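J.: Residue numbers (this note's numbering), protein chains in the order written: chain A, 206 to 781; chain B, 3 to 299; chain C, 4 to 340; chain D, 11 to 548. Virtual Cβ for every residue (Gly too), placed ideally from N, Cα, C. Note that the structure is a prediction, hence the values are computed from the model and not measured. Below is one structure. I have some questions about it.
In structure tokens, the structure reads:
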């Protein structure tokens with residue numbers, strides 16, 4: 206969308222900046238050698254921006270590590286060549302590679318906070334790179350570092366020079382990482398999922414900055430992402446990878462209009478976007494087989510299932526002084542030492558209704574869902590569930606009460622939420638064993654029934670979590686949540702850790718289950734495109750308060766709050 | 003502890019145990035030292051079981067005519083001051099040392115492991131009290147504390163085991179507490195709560211089995227330390243009762259003879275002791291590799 | 004900073020109180036009867052009772068404890084029955100000997116174990132890694148007294164490279180003037196090279212014994228935390244920025260890896276203080292550990308209590324030091340404190 | 011063989027090639043080294059005043075060398091070693107002793123001075139002896155052995171003349187004056203440092219020497235070292251050659267041996283028998299080994315409790331002891347057997363002497379069966395961990411041997427500190443211990459160990475009217491000089507003790523002292539500790 210014409214791009218005629226030929230990367234594992242990248246060919250011209258798109262395990266990151274020659278010790282380049290401005294990187298000695306890294310080719314990584322040395326001032330970290338590549342003498346290196354910080358639009362760079370990474374926000378850290386990468390004005394920048402884990406608004410700012418800086422310096426960029434939309438929005442050319450192979454290479458204008466490869470088409474369809482239904486996410490053949498979406502309107506006159514009023518959650522600010530005071534229990538904690546994670550919110554969820562709870566990280570949406578789940582205690586307010594104030598029951602005691610059956614949850618991270626030492630069947634059976642009076646004999650049959658319901662093949666029932674794929678784990682988590690036939694399920698970003706194609710299937714499954722079992726959903730998410738597909742109504746939260754709530758259609762198309770508008774504007778729009 | 007659910011009809015468990023086995027084999031192949039440790043451990047366990055039935059001499063029988071004989075075909079490790087066969091004594095001692103090691107580990111695991119898990123999981127006062135106790139023990143010079151306990155309670159095998167367990171208590175508390183604390187907010191613990199598990203059931207059925215692998219590492223290190231501790235106590239005269247063969251006491255007794263040239267009296271039990279402690283320590287590293295998810299490529 | 008330290012010290016009070024109570028009870032539980040011991044070989048029952056009264060051992064335990072605590076608050080640790088001197092004096096004069104030995108052992112150990120651990124981590128899985136692991140583990144697998152005796156046998160008895168194991172100085176070198184009690188420092192300050200060399204040569208074997216014993220935990224910890232840090236994203240970033248190996252390993256990886264190593268130092272120190280007891284016995288070292296062992300075996304309460312209390316205070320102070328050090332290395336901790 | 015040679019050479023080479031290490035003494039030190047004696051031993055004094063509360067045996071050694079007594083013993087030669095002569099006295103602080111019927115008068119040497127320069131007077135002597143009978147504990151007890159119990163017995167005649175009045179006729183009185191306890195102390199100096207709570211100034215003398223002896227303590231670090239320097243004004247005898255004594259405590263026996271073998275220490279006291287035998291055969295050091303006078307290592311049985319209340323059981327045990335094995339494997343032949351006298355050998359008027367018992371398992375079994383224990387019984391044998399080097403293997407052998415007659419014994423190690431407590435309780439069923447008396451008279455030994463008045467050394471709680479009569483008879487006969495009656499009574503008490511067998515004598519232990527070849531002048535004393543005054547370093 207911000208793409209300006211780039212006249213210096215001269216594909217095909219001049220020597221490409223980067224020429225990857227027949228690259229094969231192998232990893233030594235306990236099961237023998239595995240090829241992570243198979244005979245990949247990619248070329249990148251000077252000034253060009255290239256997107257490499259693929260789902261997890263497609264080999265997209267490994268390819269870039271191979272280019273930089275920073276594969277870990279199990280990996281090695283088995284075949285092919287990597288030419289950088291005509292120089293064979295595969296044959297280059299390590300000292301020469303070290304010279305190139307940071308000076309001629311740089312890389313920025315996912316999770317910016319982790320990418321910075323936590324106990325070194327960011328100014329010094331930038332200086333390390335500058336000095337390493339002899340960009341500047343010792344006496345002026347600090348000025349240069351500040352200048353570099355300024356270039357990535359860090360306010361008050363002189364102060365920030367002395368800051369440690371933990372003192373900066375995630376977006377700010379990513380700017381520092383970019384500064385680090387661009388400090389020596391390299392010719393090539395490889396950005397590996399640079400915006401994953403950042404909020405949409407921050408994501409946009411970071412991407413815009415990268416594009417702007419690389420454009421003005423005439424740099425070439427490789428953007429590695431799982432998000433086809435992002436790639437298409439920012440890149441000249443897109444390479445799609447699947448299982449170590451390049452399946453398609455096209456200019457980004459064409460790839461959305463005329464995807465050549467079936468896999469690209471599948472990916473494209475699975476990417477949530479405005480103006481489609483859930484079924485449109487599935488590959489065409491599957492979508493055709495799926496039954497049509499039920500369109501059950503919520504009965505307005507029926508009493509709502511859940512009524513939340515003035516819900517507040519406060520946390521004491523962490524620090525030694527408070528904990529000592531708490532230990533002796535004498536003085537009450539002063540007002541200003543309290544942090545309000547949830548600041549007096551009220552909303553309802555009707556029976557059979559699906560409500561989206563949207564907001565950026567730290568807005569209080571997770572705290573809200575934990576309180577509703579009765580996993581943590583509220584500070585004040587009421588949570589009326591089916592007319593009963595379950596908020597008054599201490600969380601400690603709630604686990605063994607019959608009400609527990611009625612509210613269940615599907616967790617964000619399917620791996621983390623499964624006990625590593627329980628089989629899938631044991632995990633699904635756990636709530637049944639604890640909260641229902643099912644007989645031992647009937648247990649297995651019930652587990653199989655549930656597995657069938659969530660589309661988990663029965664042979665997976667006796668596997669442990671680490672033997673299951675992400676999608677399978679998600680299904681186990683869902684089966685566990687519906688085992689007790691609850692009235693309300695809270696879905697806490699249930700697809701955030703999944704690849705888009707898996708996400709498409711899981712979202713459809715959730716929709717089908719809701720229709721089938723007549724449950725209500727509270728869908729907690731940061732992804733407005735997904736919320737749009739699944740929810741009847743949406744609640745937008747910011748800094749612990751509800752800024753806007755209403756029917757999904759209305760909020761999406763005519764947002765009333767400025768914050769909602771910002772959120773919507775930040776979603777990358779592929780050129781469809 | 004874990005509720006066994008009778009819902010696994012087919013060959014699935016075999017699949018999983020196979021993968022553990024193959025993983026273990028992989029670790030050993032990858033790291034020859036760990037392979038060696040596993041092998042030695044098996045040898046020590048076998049000697050502890052069958053040692054007394056395979057030795058050539060009665061380990062307690064003196065033979066003053068054969069006293070202080072250097073290693074020979076008749077006495078592979080030589081004889082001690084009373085003419086007892088050192089080879090037989092070293093082999094037979096394996097069982098006692100193994101028992102001291104295992105018993106103290108079990109004891110400290112029950113005390114420290116559970117206290118630590120509870121402290122990490124519940125936090126608050128439980129944590130404060132358990133941590134204070136652990137800190138207090140830690141503030142003692144540990145060996146002196148062990149000495150004091152054995153001196154006060156009397157020098158029996160039981161008391162040596164108790165002393166070793168108490169001395170190791172803080173380490174177990176630390177490890178168990180940290181691990182339980184990390185898992186306290188883990189998704190699967192929350193999920194278990196949603197499934198209707200009470201606190202104690204979560205502690206025992208969900209958290210404990212998950213931190214067992216990491217505790218195993220601590221356990222194998224403690225086993226080595228237990229034997230060293232017993233040897234140290236023997237050196238200052240607080241070891242097991244004579245004439246019971248025990249490596250530490252044999253080393254302590256033989257140590258005085260090194261300078262007079264009868265090196266074998268201390269050397270062989272010393273070597274046995276060293277190999278055992280060495281094995282337990284390396285086993286700890288190996289087990290760590292085995293349970294470290296990062297290594298499960 | 005000072006208030007932080009103050010608060011920190013406040014939290015260790017329960018620990019120290021616990022130590023005082025446990026030590027008191029433990030010493031009273033010792034089987035020996037000090038009164039009988041000190042009454043001499045041929046004392047009558049009356050004489051023993053008389054001594055018991057004079058030692059205050061006829062009083063009920065709580066009263067004895069109150070008396071002990073009262074003395075303690077006045078800095079009086081009581082008198083050793085076996086040497087007849089105030090425990091405070093004994094500890095003050097013996098502590099430097101033990102501290103000098105233990106610290107030198109610890110420093111020596113760190114000088115070897117830390118580079119070894121780094122090397123093992125950098126060359127993970129190589130023969131260097133395995134060798135480091137085997138060597139360090141072998142060191143901790145031997146009972147310290149055995150290591151000590153072996154070293155004496157080889158380096159003194161057979162080779163004659165090392166001086167006789169009879170304490171801090173050979174019989175014919177006079178001790179340096181007492182400033183710190185650390186002979187190495189005192190002799191350096193006064194420029195007495197001969198004494199310095201004599202002291203050092205006496206120290207080498209026992210310090211090496213302690214060093215061998217503590218190699219493994221430090222090396223193991225260094226390796227593990229180096230491995231974790233080397234696999235971290237910021238090290239990858241540093242590599243991808245083309246920083247040279249030295250900068251990556253020292254400035255980036257090592258400083259971060261030191262954090263957990265520094266915390267384990269406290270524990271290693273505690274272990275070394277225990278091991279020290281045996282080493283002092285082997286090398287006839289006039290330290291606080293051998294003093295405590297003798298006292299313990301003679302049911303001489305006061306020195307044991309004094310020793311344990313001193314060690315506990317030392318341990319607490321050391322941990323405080325480590326916390327401060329941690330703060331110096333890690334800015335995150337500094338801010339929270 | 012060749013390999014051995016090579017190794018030896020290599021070692022020698024390494025030793026000479028070694029940098030001038032600290033074990034090589036530079037010339038400046040050489041002179042002082044020549045006049046200094048470096049002694050190493052396992053333990054050191056805990057108090058340097060023998061009158062102190064709980065002074066240990068190493069403390070006696072300091073007292074012996076730093077204080078004088080009125081009289082001392084002459085030396086005689088026993089197997090080439092100077093050995094104190096029980097019956098011949100020499101003057102030390104006294105220049106003349108006149109023993110009357112019921113008193114003894116001493117003239118003090120006129121030039122005798124304490125180490126601070128004040129002259130030694132009869133007042134000091136009286137104060138010192140008053141002190142020894144008054145402070146209680148061991149010193150008072152030792153004095154009473156010679157019937158010296160009351161201060162009134164000690165009379166100042168004039169500044170230089172002193173008299174002891176006898177409480178009764180007792181032939182042990184004069185020998186008792188020559189023991190370590192009645193040492194002469196600088197009364198003025200000590201009184202200055204005495205307090206109301208501590209009228210005898212024990213706190214002061216615990217740390218400081220206040221005598222007129224040949225040496226004075228200049229530095230003492232408990233558990234580490236004692237440094238003593240010569241008192242050049244000493245008049246008690248010939249001025250010692252050695253100017254300085256450094257006594258280092260080296261707890262590890264192996265290290266002590268190494269120090270000796272490498273020539274770093276001059277004397278090691280109390281060497282284990284095994285080292286003694288080996289060092290002797292190596293021939294690099296001069297080594298002296300002397301049997302304890304009036305001392306026996308024994309196995310005691312508690313005669314008040316079954317099964318050891320039955321004399322047959324005790325005899326059975328005595329037949330089941332593996333005497334020769336103990337001699338060979340535990341003592342390496344270095345002890346004087348107290349067993350196995352010929353069956354027809356007459357009882358002697360001497361102590362210790364050998365029993366007629368030998369290892370005879372069949373006889374032991376028969377006796378046990380007679381006593382009603384055909385299948386044996388279970389019991390516990392205890393020993394003092396402080397002397398584990400001998401006691402532990404000894405008990406293991408006893409345990410093994412007793413098992414052959416069906417007596418199952420478990421071994422109980424008792425730390426040195428508790429040993430006396432346990433012994434005093436008199437409840438241990440079976441134990442091994444050493445007793446030795448300073449005064450070398452059979453009846454002296456028997457009063458302590460066998461008499462029915464049940465002193466603390468009668469650890470068996472043995473009570474026998476017959477034996478008591480013999481002992482009392484012998485004491486009286488000795489005092490009256492009735493030789494025939496004395497001899498008959500001594501034989502009688504020995505025979506009774508051997509028949510009843512409440513304690514089984516095993517052997518007379520040896521005192522082993524090893525010295526560098528250039529050190530001479532060792533003397534054996536009743537107290538068995540070293541006398542520095544006669545040592546000469548060549």
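#1: Going straight from the alpha carbon of residue 263 (chain A) to that of residue 457 (chain A), what length do you get?
#2: For a contact meaning CB atoms closer than 7 Å, what does residue 144 (chain B) contact in chain D?
#3: Tell me which same chain residues have a C-beta within less than 8 Å of the C-beta of residue 112 (chain D), skipping the five on either side of it?
#4: I'd like to know if residue 32 (chain C) contacts chain D, where contact means its C-beta is closer than 8 Å to some C-beta of that chain.
#5: Curious, which full-length beta strand (DSSP E) runs of at least 3 residues does the region 47-114 of chain D contain?
#6: Residues of chain C with a CB under 9 Å from the CB of residue 801 (chain A): which are they?
#7: Under a Cβ-count criterion, where at least 16 other Cβ atoms within 10 Å of its own Cβ denotes burial, should residue 121 (chain D) be classed as buried or exposed?
#8: With a threshold of 16 other CB atoms inside 10 Å of the CB of residue 310 (chain A), please say whether the residue is buried or exposed.
#9: Just checking my contact of residue 397 (chain A) with residue 566 (chain A) at CB under 8 Å: how many whole Å lie between their CB atoms?
#10: List, in order along the chain, the chain F residues whose C-beta lies closer than 8 Å to that of residue 35 (chain C)?
#11: Spatial neighbours of residue 242 (chain C) within its chain, please: C-beta separation below 7 Å, excluding the five flanking residues on both sides.
#12: Could you work out which residues of chain B lie near residue 329 (chain C), taking near to mean beta carbons separated by less than 8 Å?
#13: So, residue 264 (chain C) versus residue 228 (chain C), is the Cβ gap smaller than 8 Å?
#14: Using a Cβ-Cβ cut-off of 8 Å, state whether residue 311 (chain C) counts as contacting chain B.
#15: Buried or exposed, going by whether 16 or more other CB atoms sit within 10 Å of the CB of residue 528 (chain D)?
#16: Can you grab the Cα-Cα spacing for the pair residue 241 (chain D) / residue 535 (chain D), in whole Å?
#17: Under DSSP, the beta strand (DSSP E) around residue 511 (chain D) begins and ends at which residues?
#18: Any idea what DSSP makes of residue 226 (chain A), helix, strand or coil?
#19: Rounded to whole angstroms, what is the Cα-Cα separation between residue 432 (chain A) and residue 498 (chain A)?
#20: Determine, using beta carbons only, whether residue 21 (chain D) comes closer than 8 Å to chain C.
#21: Could you check whether residue 320 (chain C) and residue 279 (chain C) sit closer than 8 Å to each other, using their CB atoms as the reference points?
#22: Just to confirm, are residue 298 (chain C) and residue 83 (chain C) a CB contact at a threshold of 8 Å?
#23: Where does residue 510 (chain A) fall in DSSP's three states?
#24: Put residue 298 (chain B) into one of helix, strand or coil per three-state DSSP.
#25: Look up residue 240 (chain D) in the DSSP assignment and give the residues it is bridged to.
T.: According to the data block:
#1: 19 Å
#2: What residue 144 (chain B) touches in chain D: nothing, since even the nearest Cβ is about 21 Å away.
#3: 175, 176, 179
#4: no
#5: 81-88, 91-101, 104-109
#6: The first residue shown for chain A is 206 and the last is 781, placing residue 801 (chain A) beyond what the model contains.
#7: exposed
#8: buried
#9: Not really, about 21 Å apart at Cβ, beyond 8 Å.
#10: Considering every chain present, this structure includes no chain F. Its protein chains are A, B, C and D.
#11: 251
#12: Here the premise fails: no neighbours, minimum Cβ distance about 16 Å.
#13: yes
#14: yes
#15: exposed
#16: 22 Å
#17: Careful: residue 511 (chain D) lies outside any beta strand (DSSP E) and carries neither H nor E.
#18: strand
#19: 26 Å
#20: Residue confidence for residue 21 (chain D) is low, a pLDDT of 44 falling below 50, so the modelled location carries little weight; the figure read from the coordinates is stated next. Yes, because at least one Cβ of chain C sits closer than 8 Å to the Cβ of residue 21 (chain D).
#21: no
#22: yes
#23: coil
#24: Because the pLDDT of residue 298 (chain B) is 42, which lies under 50, any placement of that residue in the model is unreliable, and the number read from its coordinates should be weighed accordingly. DSSP places residue 298 (chain B) in coil when its eight states are reduced to three.
#25: D:225
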